[in-house]
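Engineer:
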Amino acid sequence: MNIAIILAAAGCGSRMEAKQNKVLLHLAGQPLLCYSLHLFQKDPLVSRILVTAAPGDMEAFRELLLPYEKARLCLGGASRQESVFLALQALQQEADGTELPWDRVAIHDGARPLLSRSDWQRLLEAAESAPAALLLRPMTDTVKQITEGKVFATIPRETLAAALTPQIFETKLLLEAYAAAKEGGYSATDDAELVEKLGFCPLAVPAKEPNPKITFPADLILAEALLAARQQRKESPEK
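Residue 117 is where the sequence shown starts when you use the numbering used here, and the numbers rise one by one after that.
1) From 310, 285, 287, pick the residue whose C-alpha is nearest to that of residue 297; which is it?
2) Helix, strand or coil, according to DSSP, for residue 161 in the structure here?
3) With 16 as the cutoff for other CB atoms within 10 Å, does residue 347 come out buried or exposed?
4) Pick helix, strand or coil for residue 190, following the three-state DSSP scheme.
5) With residue 235 as the anchor, note down where its beta strand (DSSP E) starts and where it stops.
6) Report, in whole angstroms, the separation of the C-beta atoms of residue 119 and residue 161, which I expect to be a contact under 8 Å.
7) Among 184, 250, 221, 134, which has the Cα closest to the Cα of residue 121?
8) Based on DSSP bridge pairs, tell me the residues matched to residue 166.
9) Check the DSSP bridge columns for residue 283 and list the partner residues they point to.
10) In the DSSP assignment, find the alpha helix (DSSP H) that holds residue 261 and state where it starts and stops.
11) To which residues does DSSP link residue 322 through a beta bridge?
12) Do residue 169 and residue 177 have their C-beta atoms closer together than 9 Å?
13) Less than 7 Å between C-beta atoms, sequence neighbours within five positions excluded: which residues of the same chain meet that for residue 354?
14) Thinking C-alpha only, which one of 135, 117, 143 is nearest residue 330?
15) In angstroms, rounded to a whole number, what distance separates the CA positions of residue 218 and residue 234?
16) What's the call for residue 306, buried or exposed, on a 16-neighbour Cβ count within 10 Å?
17) Measuring straight from C-alpha to C-alpha, what distance separates residue 164 and residue 186?
18) Leaving out five residues before and five after residue 201 in sequence, what residues of the same chain have Cβ atoms less than 6 Å from its Cβ?
19) Take residue 286 and list the residues in its own chain whose beta-carbon comes closer than 6 Å to its own, dropping the five residues that flank it on each side.
Set out below in structure tokens:
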């Protein structure tokens with residue numbers, strides 16, 4: 117496989133209550149975005165990393181990307197979906213009218229810094245036999261359906277999972293999904309939903325390592341604890 121990565125990082129992150137883009141905040145001494153950049157830069161199957169950025173972040177991102185030779189910047193849009201659409205257009209422009217060299221495109225949230233190499237490899241293995249696949253976190257809480265402030269029903273959690281990223285797709289399928297959304301004027305909360313609207317059922321790959329999206333200040337504290345625990349496991353002698 118030849119893979120292009122779209123790192124979605126053009127959001128303002130207002131709920132983080134920070135004065136800068138949350139992906140520039142530090143986790144254990146380095147910006148959040150660098151964790152994903154480092155993982156994808158080292159993967160031989162990845163040949164392009166396209167990072168979407170808000171206009172005000174372009175200069176800071178440009179400096180951050182200097183050590184990562186596979187990485188390029190792309191101006192993002194007003195929404196995540198628009199940012200990914202613009203990134204796909206940038207990939208097409210880079211191909212300069214010829215067929216895109218990437219047979220897969222993976223989309224990852226820049227605010228999810230704790231993607232493990234093992235979960236990424238498991239997703240890649242799934243992508244070899246499926247046109248679309250994504251990491252998910254199986255639901256462990258009991259889920260209630262609420263109507264007008266009252267519990268209306270209990271939904272069997274065995275049928276539910278929380279969608280994570282990365283999500284990976286055959287390039288032609290993802291381009292078709294975004295073109296259909298643009299033409300139809302509809303939006304989705306993640307890329308897999310756009311593919312589902314075309315009638316495809318993405319392959320579900322349960323994540324084994326937690327990789328929360330940094331949204332609120334407390335999420336950064338949780339990420340620090342998860343990272344420290346992961347590092348401690350690596351350093352502990354095998355029994």
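The beta-carbon is built from N, C-alpha and C at its ideal position, and this holds for glycine as well.
The structure displayed is predicted, hence computed values, not measured ones.
Structural biologist: Here's the rundown:
1) If we check each option's Cα against that of residue 297, 310 comes out closest.
2) It is coil, neither helix nor strand.
3) exposed
4) It is a strand residue.
5) Careful: residue 235 lies outside any beta strand (DSSP E), inside the alpha helix (DSSP H) at 233-243.
6) 5 Å
7) 221
8) Looking at the DSSP output, residue 166 shares a beta bridge with 122, 188.
9) 223, 250
10) Note, residue 261: premise wrong, no alpha helix (DSSP H); beta strand (DSSP E) at 259-263.
11) According to DSSP, which records beta bridges pairwise, residue 322 is partnered with 252.
12) Yes, the Cβ-Cβ distance between residue 169 and residue 177 is below 9 Å.
13) At residue 354, the pLDDT of 43 sits below 50, so the modelled position is not reliable; the number obtained from the coordinates is stated separately. Nothing listed; no residue qualifies.
14) Looking from the CA of residue 330, the closest CA among 135, 117, 143 belongs to 143.
15) 22 Å
16) So residue 306 counts as buried.
17) Inter-residue distance for residue 164 and residue 186 is about 5 Å (C-alpha atoms, whole angstroms).
18) 294
19) Sequence-distant Cβ neighbours of residue 286 in its own chain, meaning closer than 6 Å and more than five residues away, are 247.
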